[in-house]
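So for the sequence shown, the working numbering puts the first residue at -3; every next one is plus one.
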Amino acid sequence: MISGHSQGSVLAAAAAWQLKPSVRKRVALLTYGSPLERLYGRWFPAHFGAAALNSLHREVACWRNLYRLTDPIGGPVRLPGDCGPEVDHEPLKDPLAYGRTAEHPLPAPILGHSDYQADPVFAQEREQLLERLRPEVPGQRPEPAP
């Protein structure tokens, strides 16, 4: 799995493109807070436009992209659904919780472009990508009883 946040998502895509095709088809890509389409696709369409990103989507085993509507930098990759499973997850909730409690008297912060790993969706998507990469590998053995 290659994972990247923000500019790291651009490096993750570039790293995947550098792999041999036989290796690339065994790679999962997890991008979050990614400017691939919003910024790079606009200014460097030959390298990061729809055709290039569609090609990458077809060539890797699986790709998921996480973003928030409150993120001023990252956003959806917006690939058409004809080249494989959906890349973009629906926009993540931000803030993660609303309201106040005795334990948390202050409102939850707006995360915007930060702390994607704090969202439980991040761990779920990462685990699903790993499961798709290794469906034939048995799970962890249960701990023996004391």
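Quick reminder that beta carbons are idealized off the backbone N, C-alpha and C, glycines included.
With contacts defined as CB atoms closer than 9 Å, L62 and E121 qualify as a contacting pair. Of the other Cβ atoms in all chains shown, fewer than 16 fall within 10 Å of the Cβ of Y94; this residue is therefore exposed.
Cβ-Cβ distances below 8 Å link E55 to A12, P17, R20, K21 in the same chain, with the five nearest sequence neighbours on each side left out; the list follows chain order. Residue state for L65 is assigned as coil, using DSSP reduced to three classes. In this structure W39 is exposed. Its beta-carbon is surrounded by fewer than 16 other beta-carbon atoms within 10 angstroms. When only Cα atoms are considered, G70 and E86 end up about 13 Å apart. A distance below 8 Å between beta-carbons, with the five flanking residues on each side excluded, links R96 to the following residues of its chain, in chain order: L102, P103.
The C-beta separation of P81 from C58 comes to about 7 Å, placing the pair in contact by the 8 Å criterion.
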